[in-house]
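Chains as they are written, first to last, in the working numbering: chain V, 176 to 379; chain G, 8 to 694; chain P, 12 to 426. The beta carbon of each residue, even a glycine, is placed where N, CA and C say it ideally should be.
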Amino acid sequence: MTPTFTFATAQYESGDWDSAPLVPPNIIDTIARYTEIPVTPAGVIVSLASPDLLRYPLLYLTGHLPVRFTDSERRQLREFLERGGMLFVDDHNHDVDGVFHKTATEEITRTIGEPKPLPNTHPLYSAFFKFTDGPPTTSHELNGWGDNLVHKNLFAVMREGRIAVLYSSKDYSSEWGYHPDSKRFQSVDNTKFAVNIVVYALTA
Amino acid sequence: MTARERVAAARRTLGATIGARALLWGLAAGAGLLAIVAVIDMMIGVPRALRVFAVPAAAIAALGVAGYALWRGRRVRSLPAVALWLEERVSALRYALVTALDSPLPSSYLERDIAAVHWAPVIRRTLGHALLPPLVLLAAVATLLFALPAGVRARISAPRAGDSLLRPAGGEIRNRLSPLVAEVIPPAYTGEKHVSLDEPSSVEVLAGSHLVLRGRGAATGITAALNSTPLSPALLRDSADQWRLDIVAPAKPAALELHDRNHSRTVIIAPHADSLPVVTLAAPARDTVIRTPKGALALAAAATDDYGLDAGWFEYIVSSGEGETFTFKSGVIHRVNAGGARSTTLSGALDLDSLQLKPGDLVHVRAVARDRNHITGPGIGVSETRTIRVPRPSEYDSIAVEGAPPTDVDSSQISQRMLIILTEKLQTRRAKLARADVVKESQRIGSDEARLRQHIGEIVFARLGGSQQTEDAGGNNAPAHMTPDQLLAAANAATQASAGATDFEGDETPVVAVNRPLLEAYNAMWDASRSLEVGEPGAALPPMRAALAAIQRARNAERLYLRGKAPVVIVDIAKVRLAGKRDDASSSSRLPRAALDSSAERRAERFDAAVSELASNPAAAIDSLLALRVDALESAPELAGALAPAIDALRAGHNATDALVRARRVAAGVSVARVESPRAAEWSGAW
Amino acid sequence: MCALALLAWMIVRSAAPRDSAEVHESTDSRALQAALVAWTLAPEPTSVHVTAAFAPAARERQWLRALARAGVRVSWSRDSLPATAIEVAERTDPAGGVRAYIAAPAGTRATLSDAVGLIDTIAITPGANALSLPVTAGALDLLVRGQHARAAAPDSILPRQVVVLGRAGWEGKFIMAALEERGWKVSSRLRVGPNVFVTQGTPIALDTAHTGAVIALDSSAAQYASAITTFERSGGGVVLAGDAPLAAPLRALAPGRTGTRVAAASLAFASANPRRALGFFPIVASAGDAVPLESRDGRVVAAARRAGAGRVVQLGYDETWRWRLAGTGDAPAAHRDYWSAVVSAAAYRATKPASNAGPAGDAAPLASLYADLGAPGTPPAAALSITPGLRWWMFALLALLLLAEWGSRRLRGAR
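This is how it looks when you write it as structure tokens:
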């Protein structure tokens, strides 16, 4: 048996943690499609307050609604991050004035520290595919939905020189929220950036 | 007056004299002891630990001496003794007085003889002899006490931390850094008292406190540095006959170094932070589902803080909507001014009627408290959040609809916005680029713009039912520019000719209404392309933005998302493994991590170096240990704690061996292990 | 009277010039040195015997050996002399420091100090006692019941680089993190896809000048088997983790064959034995020279062997990262220490040969005494072991007997 990478989605008490159910299979498909990383064919859902959190060092968290961690969620997440886990948070509202952004960043700050802009030259953008201009834009932000902004940077909380929390206002949850089989309709795969996130998490 | 009565009167006078004498001797003794301690203190300095006993000792001495004086005059209580005492001093009585007192019956003869003798002068003389010496001594001692400097008197009468500067310097001040007094002034909001410290080696303060250091002499020539960064000389001021340094305590541990000519001194500032308020939400006690959102929801919370709360309130957020469409409203209710209390309770009710909740809405409620820390805060504490949900009647129903990739118009818009970004960047860099480069890059963007315009045209004409013969995106072969009216006319014609639509709205067919923004975009993009072709990115930007706005209107008009519960997707890994094009994938490099434990070894080495230096240069060694303690306060608090007694002992000139050994054990991190398997012994390490 | 005569003879004999045998009760170094000077100067005794309450220093031992070579019969006996020994070796650890192995009678208390001062006092337990000392200054001095033993670590150089080879995954990531956090310099080449790697440093240039050890994370490291084998033969350390030995090119190096993966024995990471919650590949059919290092439920999890000039450690665990993340207590630190120790066990360290004249002093004083003077013996018969103290007691006894005799005569006369 070869140890495999399992994509985990964070379940939290408040909000709609399950707002992007097609993102995990899409990312799993992408990992398999481009890399040799052994990957579990289906993702898992893990409660932020559960010790099981520590079994999945990369965690994906999204939603539209306010994010209010319970004490146990905050405590468990802090331990997860301090021990070397990485949390990828994506604002499904793609709106910096929205409640998800405000409450999620507040909770992240309270838990581990304030997210700061991640330079577009960070190794994350060259971990597998090259993204010379930083994070790829999404159709949703280019459409002007949400805050009507093109976010030039992702945000991150760093620990020991590594990304502990990667925060995106770009709404990859919408961009990647489709069945992986639909990739055949696309001339350019818009999920490639997910490979970089996973490879970075696995090697940094 | 009989003889007995006269002796009784004399006894009263003598008794009063003895009492007064005892009082005077007692006062003189007490004052004398205080004066002796004061003089010794003035000359060589008495530690505060001893000075605190001066007044109680003086009182005990006074009581003792007075008691002794009373005990010595105890015979005055007896009339025969007083009579004898008078007989001894007044020879004219010739034992008549004693005899008269002893006689059971009054004797007129004796009474007459006794009446003839006056002993008042003897009494007066005795009174003078008895009271004068203690009075003189008391006066002398009192004069001495009042002649001493007021500071010395204060040090004896009311010893307190920080009074070392009250002692007169006595000649030239050689080292203005000793004695040194630190006064910690906590921020006003805490309501805490000032604290003074004599000869501090480290000062524990609340972050944001004022720290005042004072010493003898003028400030001129004294320099100060915080963590080796020199402090402004303006912070050092003269105050009466003392210098004074006034700083705000930093947020992190720091070493404050003071220098006066060839003297130096280090004071560690160890700050601690004001804690955030702790807020507990009592009601609602748990997350709730409310079928009928009517009435009021009781709210109750308790908040505590280490220094005092400023205010507390409840916050709510109402989320409405689903899928991609959500609206939010939030508010603050039942705000309470805590007025600095260390704990408070919040209570109130959330009026659900006023929130006009609908099925599917979520209400998030939490309690918030803010402390009065206006220096490094405010500290805001929040409770856990409770969620109140209004269920939908059909919330368990769902339809499985797979999300789709972005539609064609989305793609167009991506490109248009990207082209705007590229053009903006080019315009920004234009001044630094050669004209030829500007034109070249501008034309490249123009070419992309033309391709995009062609794409828009394809969409419009495809919808209009026409062919795509209108243009060819070949840049230089671009078709003639059509005005919006011409396009609309074409669109109308096409619509009426082919579709025969019946869903008219106003003067336009729905298809035209939908396509109008795209046609506007098409036209604006034409203008933009033209400007870009001639190398004028600045001129191209307005029409490009107009095109984007038009495309956005089109998107808003048409956008439709269907969402439902998605099926669980199991990816066929074997099928898709390495199926993607990896042309642009490449190897990358990883950056090394920094070692975590190196600081522990460095600390141990610094400790050893400092201890090695103790014999040759104790002052430098103590400074090194102080600096080590500053570093250890945050990263190795156990070591910092172990160093403190060692430094104090070294400073006080006491034996610091035990404290240093303890500190070394902590610094070196010695671990002991048994080696059980001789064979494994050589494979040292984990086993 | 016979007794009196015998005693008088003995006292006179002991007070006579030393011309044949010497007995010395060795209580401190200075007295022994003085005695050695006396013995060396004329008249020379024919035999000397040292009753050692402490082990003579190397100088005195050599002196006694010289006397023996000069024809003097030298013997010694021990008087509660504790058998102590200390050996000091530099830790194979990037943080430096030394590891001291201490031997002393069980139950005694030993104090350990260095040039700076006292380090610690430890209770000696049966078997060898090892101390890990991150920072020391100069030689270490062990003191047990008044007996000193001193030793310093020989000079050595540790190439701090560790090369990690294998597939990208959590195990590789967290092993590298653990080693780097402990101060090792890590180079790596982790395979992500066909011809796509995440690299750090120069991982493939394996030589003992730069690299202390190489870790093969999994069987994908087999593509570097040739370089790994050459490196190991030249003295380098190799750690074969997880299923790496399943790959044929690496199998020859491994201390044993890799069996079928065993599931974790426990679901939770208990603080007492956290690695029970890890699955592992058991090591079966170990090579003859393999040393089992760690076992679980009768199965070997870790084993080591020497092959060529290097060392190979085979570690069955393939998901130790779970321990770091989900372990109780300070599991990250324990994981760091474990992996650093695994690498230490294998890593190459260039050690300078220790010189014969060690400046530090006696590492094992009693053993040195045996080596220099042979086994302890009895005092020469002629000497009858009359020590100065005993001589004074005997004088007092004689005086008492004479007094008794005189009193007896007086009493008899009085009658």
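So the candidates are P/L289, P/A232, P/A150, P/S124; which of them puts its Cα closest to the Cα of P/P165?
Residue mapping note: residue 165 of chain P aligns to position 154 of the third sequence, counting from 1. Comparing Cα positions, the closest option is P/A150.
Positions along the segment 40 to 54 of chain G whose CB lies within less than 7 Å of some CB in chain V:
none
Could you check if G/V159 is buried or exposed, using at least 16 other CB atoms within 10 Å of its CB as the buried criterion?
As a first step, residue 159 of chain G is located in the second sequence; it is residue number 152 there, counting from the start. Residue environment analysis places G/V159 among the buried positions, since at least 16 neighbouring C-beta atoms fall within 10 angstroms of its C-beta.
Could you tell me if P/Q158 is buried or exposed, where buried requires 16 or more neighbouring beta carbons within 10 angstroms of its beta carbon?
Here residue 158 of chain P refers to the residue found at position 147 of the third sequence. So P/Q158 counts as buried.
Does the segment 354 to 363 of chain G come close enough to the segment 167 to 177 of chain G that 3 or more CB-CB pairs lie under 8 Å?
no
Which residues, in chain order, does the segment 216 to 248 of chain V contribute to contact with chain G at a C-beta distance below 7 Å?
P216, A217, H239, L240, P241, R243, T245, D246
Buried or exposed for V/T205, going by 16 or more other Cβ atoms inside 10 Å?
Along the first sequence, one-based indexing puts residue 205 of chain V at 30. Its Cβ being crowded by 16 or more others within 10 Å, V/T205 is buried.
If you draw a straight line from the C-alpha of V/I220 to the C-alpha of G/S390, how long is it?
Within the first sequence, the letter at position 45 stands for residue 220 of chain V. Within the second sequence, the letter at position 383 stands for residue 390 of chain G. For V/I220 and G/S390, the distance between alpha carbons rounds to 26 Å.
Using a threshold of 7 Å, state whether the C-beta atoms of G/I276 and G/V219 are closer than that.
Within the second sequence, residue 276 of chain G is the residue found at index 269, counting from 1. Within the second sequence, residue 219 of chain G is the residue found at index 212, counting from 1. Cβ distance not < 7 Å, so G/I276 and G/V219 don't count as in contact.
Report the residue ranges of all beta strand (DSSP E) runs contained in full by the segment 177 to 232 of chain V; include only those spanning at least 3 residues, in chain order.
Residue ranges of uninterrupted beta strand (DSSP E) with 3 or more members, entirely inside the segment 177 to 232 of chain V and ordered along the chain, are 183 to 186, 219 to 222.
Hey, is P/F242's beta-carbon within less than 7 Å of any beta-carbon in chain G?
Translated into the one-based positions of the third sequence, residue 242 of chain P becomes position 231. With 7 Å as the cut-off, P/F242 does not count as an interface residue toward chain G.
Can you list the beta strand (DSSP E) stretches of 3 or more residues lying completely in the segment 176 to 219 of chain P, in chain order?
196 to 204, 207 to 211
First and last residue of the beta strand (DSSP E) that includes P/Q73?
Within the third sequence, the letter at position 62 stands for residue 73 of chain P. Segment 69 to 80 is the alpha helix (DSSP H) holding P/Q73; no beta strand (DSSP E) there.
Does any C-beta atom of chain V lie closer than 7 Å to the C-beta of G/H371?
As a position in the second sequence, residue 371 of chain G is number 364, starting the count at 1. For G/H371, the answer is yes, since a Cβ of chain V falls inside 7 Å of its Cβ.
When DSSP labels each residue in this structure, what does V/H354 get in the three-state scheme?
As a first step, residue 354 of chain V is located in the first sequence; it is residue number 179 there, counting from the start. In the structure shown, V/H354 sits in coil (DSSP, three-state: anything other than H, G, I, E or B).
Taking V/T381 as the reference, give the member of V/P311, V/Y231, V/G321, V/T184 with the closest Cα.
In the structure as shown, chain V begins at 176 and stops at 379. Residue 381 of chain V is therefore absent and cannot be evaluated.
Let me see if you follow: with CB-CB separation under 7 Å, is V/D265 close to chain G or not?
Looking up residue 265 of chain V in the first sequence gives position 90. No, because no Cβ of chain G sits closer than 7 Å to the Cβ of V/D265.
Examine the Cβ distances between the segment 166 to 186 of chain P and the segment 314 to 327 of chain P and report whether three or more of them are shorter than 8 Å.
They do not touch, by the three-pair rule.
Taking Cβ-Cβ distances shorter than 7 Å, what residues in chain V pair up with P/F185?
Locating residue 185 of chain P in the third sequence gives position 174, where the first residue counts as 1. Within chain V, the residues near P/F185 are G259.
If you measure from the beta carbon of P/Q211 to each beta carbon in chain G, is any gap under 7 Å?
Working through the third sequence from its first residue, we reach residue 211 of chain P at position 200. So yes, P/Q211 belongs to the interface.
Cα-Cα separation, G/V668 to G/G648
Here residue 668 of chain G is taken as the residue at index 661 of the second sequence, counted from 1. Here residue 648 of chain G is taken as the residue at index 641 of the second sequence, counted from 1. Cα to Cα, G/V668 sits roughly 13 Å from G/G648.
Please name the residue in G/A674, G/L288, G/A147 whose C-alpha comes closest to that of G/R609.
The sequence position of residue 609 of chain G within the second sequence is 602, counting from 1. Ranking the options by Cα distance to G/R609, first place goes to G/A674.
Reducing DSSP to helix, strand and coil, say where V/A369 ends up.
Within the first sequence, the letter at position 194 stands for residue 369 of chain V. Here V/A369 sits in helix by DSSP.
Between which two residues does the beta strand (DSSP E) holding P/G319 run?
As a working note, residue 319 of chain P is residue 308 in the third sequence. No beta strand (DSSP E) contains P/G319, which DSSP labels as neither H nor E.
Rank G/G346, G/L304, G/A376 by C-alpha distance to the C-alpha of G/D360 and give the top, closest one.
Position 353 of the second sequence holds residue 360 of chain G. When only C-alpha atoms are compared, the closest one is G/L304.
Counting contacts by CB-CB distance shorter than 7 Å, is V/L317 in contact with chain G?
Mapped onto the first sequence, residue 317 of chain V falls at position 142. Yes, its Cβ sits closer than 7 Å to a Cβ of chain G.
Quick check: is the beta carbon of V/V274 nearer than 7 Å to any beta carbon in chain G?
Along the first sequence, read from residue 1 onward, the residue named residue 274 of chain V stands at position 99. Yes - at least one Cβ of chain G is within 7 Å of the one on V/V274.
What are the boundary residues of the alpha helix (DSSP H) that includes G/L635?
For the purposes of this step, residue 635 of chain G is taken as residue 628 along the second sequence, with counting starting at 1. From DSSP, the alpha helix (DSSP H) with G/L635 extends over 625 to 642.
Excluding the five sequence neighbours on either side, which residues of its own chain have a C-beta within less than 7 Å of the C-beta of P/A298, listed in chain order?
As a position in the third sequence, residue 298 of chain P is number 287, starting the count at 1. Answer for P/A298: P266, G267, R316, listed in chain order.
Could you tell me the boundaries of the beta strand (DSSP E) in which V/T280 lies?
Here residue 280 of chain V refers to the residue found at position 105 when the first sequence is read from its first residue. Not the beta strand (DSSP E): V/T280 falls in the alpha helix (DSSP H), residues 274 to 286.
So, are the CB atoms of V/I203 and G/V575 less than 7 Å apart?
The residue given as residue 203 of chain V occupies position 28 in the first sequence. The residue given as residue 575 of chain G occupies position 568 in the second sequence. Their beta carbons are not under 7 Å apart, which means V/I203 does not touch G/V575 by this criterion.
Quick check on V/S349: buried or exposed, where buried means 16 or more other Cβ atoms within 10 Å of its Cβ?
Here the question's residue 349 of chain V lines up with position 174 in the first sequence. So V/S349 counts as buried.
To the nearest angstrom, how far is it from the Cα of G/A27 to the Cα of G/A214?
Walking along the second sequence from the start, residue 27 of chain G turns up at place 20. Walking along the second sequence from the start, residue 214 of chain G turns up at place 207. Each residue's Cα considered, the two are about 58 Å apart.
Of all the options P/S306, P/A314, P/R161, P/T331, which has the alpha carbon lying nearest to the alpha carbon of P/D300?
Counting from 1 along the third sequence, the entry for residue 300 of chain P is found at position 289. For the options P/S306, P/A314, P/R161, P/T331, the alpha carbon positioned closest to that of P/D300 is the one of P/A314.
So within the segment 283 to 371 of chain G, which uninterrupted alpha helix (DSSP H) runs reach at least 4 residues, ignoring any that extend past its ends?
359 to 362
Counting Cβ pairs, one atom from each stretch, are 3 or more of them under 8 Å apart for the segment 228 to 239 of chain V and the segment 594 to 608 of chain G?
no
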